[in-house]
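Take a look at the structure below.
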Ligand code: SF4
Ligand code: SF4
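Chains as they are written, first to last, in our numbering: chain A, 10 to 158; chain B, 32 to 414.
Below is the structure:
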């Protein structure tokens with residue numbers, strides 16, 4: 010057994026929690042968020058950790074959402090797994106710590122999830138880094154003695 | 032400050048040192064090799080932890096970039112160390128440790144290496160250096176001013192004196208756990224040590240109660256993160272608990288609630304209803320009168336929580352929960368007919384909560400008057 014999550018939870022059939030579960034209400038929230046994205050371009054993030062999920066609710070929601078074309082892993086402060094669902098514009102973003110334990114689980118309704126975008130502040134740093142790469146080459150040229158001005 | 036005038040070997044003068052300029056949280060994180068994406072992730076997780084919507088993450092990032100490192104003095108009085116255990120054994124080490132790393136925990140006698148006089152000196156030094164700005168965290172209740180101080184002392188100083196001395200220069204006090212917040216187990220009938228809560232003693236500083244026995248670790252760090260981020264106190268309920276975490280009854284966020292509304296109850300811990308995951312009300316669940324974050328934040332890194340594991344809520348985040356009747360005795364208000372509306376059930380819940388509070392207070396008063404000792408057998412019989 011590798012983690013607590015591996016302990017199986019068996020809920021007996023009949024009138025079980027899945028008949029009342031919270032997967033469908035969340036899907037309907039996703040539907041409204043998607044409509045908003047289309048109309049106004051406003052993205053939405055839904056924190057699934059704030060949902061009163063019972064046993065099986067998360068699995069049920071994930072089954073409803075299905076899989077899309079994109080899978081990505083970001084390596085920053087532990088892995089973050091991003092997966093497109095079967096519905097374009099609806100993403101599952103799972104934040105894990107360095108020990109692969111989940112720290113947050115979000116749904117993002119957006120063109121591209123926030124974490125996947127390159128960060129604006131990084132552009133300036135990147136520009137400086139590229140300049141630094143180029144600088145020694147240009148300053149070394151005269152010192153080579155190859156060039157006569 | 033002769034040491035600050037030394038010249039680096041490359042001959043350039045050292046940059047002027049500003050003794051007061053502490054690095055901001057953003058700087059600390061970047062120095063630890065946390066990228067901007069990592070920081071964004073940290074903020075998303077912190078938003079979750081503070082029970083704020085994820086759309087708040089950019090705002091959090093902005094304030095955290097420049098947030099300063101607050102000094103924290105943690106005092107442990109009549110407690111079982113469960114609250115510190117809850118915090119340090121939390122299952123999301125990266126994020127919660129980052130919060131802990133970015134606060135400067137200057138005194139915590141369970142966690143610090145120093146002991147005795149050296150430890151007490153560290154506490155006094157931290158107080159001097161951060162006068163008016165440091166945060167005092169307390170776990171455990173303490174013998175009140177009228178009680179025998181010998182029940183709990185540290186380094187020969189009574190808990191009462193240490194608390195009053197330490198809070199003098201504090202910005203705010205956070206009472207972590209039901210003992211510090213409401214008296215908890217030490218204050219339970221017949222309260223042999225004359226235990227009182229922090230808010231009974233500290234009147235001239237804001238007191239934030241983070242109750243629970245123990246509190247959910249994410250709630251402890253969430254409250255600290257909130258102070259760190261916004262530098263101000265969160266919105267509190269009538270018991271001085273942050274509304275973000277204690278704003279809703281367990282019963283209103285419980286996934287078993289639809290069974291309650293349908294009148295489907297487990298009658299014993301192994302009957303058909305229990306196996307099918309029905310409502311635990313008749314097994315003594317105090318969810319309707321208990322305000323806490325368990326139903327959504329859960330325990331052990333979001334694995335499960337007591338009701339999900341089939342155990343009724345004990346009401347551990349409420350005042351005097353030890354004296355509010357037996358843990359496995361159903362609340363005295365009838366659960367109502369099957370199909371009762373949410374509203375009616377909520378109102379009943381509030382009434383029960385009030386009744387238990389009054390009952391608890393009355394019991395404590397009576398016990399204080401009688402001040403007799405009870406054997407374990409007698410306690411058993413009472414339950
Ligand atoms: S009584 Fe307890 S188990 Fe039943 S719905 Fe309320 S909180 Fe959940
Ligand atoms: S379920 Fe109730 S008793 Fe248990 S930890 Fe949560 S608030 Fe406390």
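Glycine is no exception: its CB is placed at the ideal position from the N, C-alpha and C atoms. Source: prediction; values computed, not measured.
Query raised in the report: Looking at residue 322 of chain B and ligand 1, is the gap between the Cβ and the nearest heavy atom below 7 Å?
Result: No, the beta carbon of residue 322 of chain B sits no closer than 7 Å to any heavy atom of ligand 1.
Query raised in the report: Between which two residues does the beta strand (DSSP E) harbouring residue 54 of chain A extend?
Result: Counted as a single uninterrupted DSSP element, the beta strand (DSSP E) harbouring residue 54 of chain A occupies residues 53-56.
Query raised in the report: Where residue 349 of chain B and residue 242 of chain B are concerned, what is the direct C-alpha to C-alpha distance, given to the nearest angstrom?
Result: Their backbone Cα atoms lie some 7 Å apart in a straight line.
**Report entry** Distance, residue 32 of chain A Cα to residue 69 of chain A Cα
**Finding:** So the alpha carbons of these two residues sit roughly 6 Å apart.
Requested in this report: State whether the segment 61-71 of chain B contacts the segment 97-106 of chain B, with contact taken as three or more CB pairs (one from each stretch) at a distance under 8 Å.
Outcome: Below 8 Å, too few C-beta pairs join the segment 61-71 of chain B and the segment 97-106 of chain B to call them touching: fewer than three.
Query - Delimiting residues of the beta strand (DSSP E) encompassing residue 93 of chain A - result: Here the beta strand (DSSP E) through residue 93 of chain A covers 88-93.
Report task. Would you mind sorting residue 300 of chain B into buried or exposed? The rule is 16 or more other CB atoms within 10 Å of its CB. Result -> In the assembly as shown, residue 300 of chain B is an exposed residue. Its beta-carbon has fewer than 16 other beta-carbons within 10 Å.
Query raised in the report: residue 227 of chain B bridges to which residues according to DSSP?
Result: Looking at the DSSP assignment, residue 227 of chain B forms a beta bridge with B:173.
Query raised in the report: Buried or exposed: where does residue 66 of chain A fall if 16 or more other Cβ atoms within 10 Å of its Cβ makes it buried?
Result: Buried, because 16 or more other Cβ atoms sit within 10 Å of the Cβ of residue 66 of chain A.
Query raised in the report: Under 7 Å from any heavy atom of ligand 1, does the C-beta of residue 291 of chain B make it?
Result: Indeed, a heavy atom of ligand 1 lies less than 7 Å from the Cβ.
Query raised in the report: Which partner residues of residue 217 of chain B appear in the DSSP bridge assignment?
Result: Bridge pairing for residue 217 of chain B: absent [DSSP].
Query raised in the report: Can you name, in chain order, every residue of its own chain whose Cβ lies under 8 Å from the Cβ of residue 125 of chain A, other than the five neighbours on each side?
Result: Hits under 8 Å: 81, 83, 91.
Query raised in the report: Should residue 138 of chain A be labelled buried (16 or more other beta-carbon atoms within 10 Å of its own) or exposed?
Result: Exposed, since its Cβ has fewer than 16 Cβ neighbours within 10 Å.
Query raised in the report: What residues from the segment 314-327 of chain B come within 8 Å of chain A, judged by C-beta to C-beta, listed N to C?
Result: Sequence-ordered contacts of the segment 314-327 of chain B with chain A read 326, 327 [C-beta pairs closer than 8 Å].
Query - Simplified DSSP state of residue 115 of chain A, which is helix, strand or coil - result: Residue 115 of chain A falls in the strand class under three-state DSSP.
**Report entry** Chain-ordered residues of the segment 30-55 of chain A with a beta carbon less than 9 Å from chain B
**Finding:** The residues in question are 30, 31, 52, 53, 54, 55.
Requested in this report: Please name the residue, chosen from B:359, B:118, B:266, B:286, that lies closest to residue 278 of chain B on a Cα-to-Cα basis.
Outcome: Closest option to residue 278 of chain B, Cα to Cα, is B:266.
Query raised in the report: Under the criterion of a Cβ to heavy atom distance below 7 Å, does residue 71 of chain B qualify as lining ligand 1?
Result: No, Cβ of residue 71 of chain B sits at least 7 Å from all heavy atoms of ligand 1.
Requested in this report: Output yes if chain B places a C-beta closer than 8 Å to the C-beta of residue 98 of chain A; else output no.
Outcome: No, its Cβ sits nowhere closer than 8 Å to a Cβ of chain B.
Query raised in the report: Counting pairs of beta carbons, one from the segment 302-322 of chain B and one from the segment 278-292 of chain B, are three or more of them closer than 8 Å?
Result: The segment 302-322 of chain B makes contact with the segment 278-292 of chain B, as at least three CB pairs between them are under 8 Å.
Query raised in the report: Checking contacts by CB at 8 Å: is residue 71 of chain A closer than that to chain B?
Result: So, not an interface residue.
Query raised in the report: Should residue 159 of chain B be labelled buried (16 or more other beta-carbon atoms within 10 Å of its own) or exposed?
Result: Per the 10 Å Cβ criterion, exposed.
Query raised in the report: Since residue 214 of chain B and residue 228 of chain B are thought to touch, with beta carbons under 8 Å apart, how far apart are those beta carbons, to the nearest angstrom?
Result: With 8 Å as the limit, residue 214 of chain B and residue 228 of chain B qualify as a contact, their Cβ atoms being about 5 Å apart.
Query raised in the report: Nearest-angstrom Cα distance between residue 397 of chain B and residue 173 of chain B?
Result: Reliability fails at residue 397 of chain B, whose pLDDT of 48 lies under 50, so the model's placement of it is uncertain and the value that follows must be treated cautiously. Between the C-alpha atoms of residue 397 of chain B and residue 173 of chain B there is a straight-line separation of about 20 Å.
Query - Runs of alpha helix (DSSP H) lying entirely within the segment 280-323 of chain B, each at least 4 residues, in chain order - result: Restricting attention to alpha helix (DSSP H) runs no shorter than 4 residues, the segment 280-323 of chain B encloses them at 281-284, 288-293, 303-306, ordered along the chain.
Query raised in the report: What residues from the segment 107-118 of chain A come within 7 Å of chain B, judged by C-beta to C-beta, listed N to C?
Result: Within the segment 107-118 of chain A, 107, 108, 110, 111, 112, 113, 115 place their CB atoms closer than 7 Å to a CB of chain B, listed in sequence order.
Query raised in the report: Grouping DSSP H, G and I as helix and E and B as strand, with all else coil, what is residue 109 of chain B?
Result: Here residue 109 of chain B sits in strand by DSSP.
Report task. Classify residue 387 of chain B as buried or exposed, calling it buried when 16 or more other Cβ atoms lie within 10 Å of its own Cβ. Result -> Residue placement at residue 387 of chain B cannot be trusted, given a pLDDT of 41 that sits under 50; the coordinates are not used to answer.
Requested in this report: Pull up the DSSP beta-bridge partners for residue 100 of chain A, would you.
Outcome: Under DSSP, residue 100 of chain A takes part in a beta bridge, and its partners are A:93, A:117.
Report task. Could you work out which residues of chain A lie near residue 76 of chain B, taking near to mean beta carbons separated by less than 8 Å? Result -> Per Cβ cutoff of 8 Å: 104, 112, 113.
Query - Simplified DSSP state of residue 142 of chain A, which is helix, strand or coil - result: Residue state, collapsed to three classes: helix.
Report task. Using the beta-carbon of each residue, find all residues closer than 6 Å to any heavy atom of ligand 1 and list them in chain order. Result -> The answer, residue by residue, is B:281, B:282, B:285, B:287, B:288, B:291, B:310, B:311, B:312, B:316, B:318, B:319, B:338, B:344.
Query raised in the report: Nearest to residue 81 of chain B by CA position, among B:336, B:315, B:258, B:166, is which residue?
Result: Checking every option, the nearest Cα to that of residue 81 of chain B belongs to B:258.
Query raised in the report: Does the beta-carbon distance from residue 245 of chain B to residue 344 of chain B come in below 8 Å?
Result: For residue 245 of chain B and residue 344 of chain B, no; Cβs fall outside 8 Å.
Query raised in the report: Ends of the beta strand (DSSP E) at residue 32 of chain A?
Result: Counting along the chain, no beta strand (DSSP E) covers residue 32 of chain A; the unbroken alpha helix (DSSP H) around it starts and ends at 32-49.
Requested in this report: Pull out every residue of the segment 59-88 of chain A whose Cβ sits closer than 8 Å to any Cβ of chain B, in chain order.
Outcome: Listed by position along the chain: 59, 60, 61, 62, 63, 64, 66, 83, 85, 86, 87.
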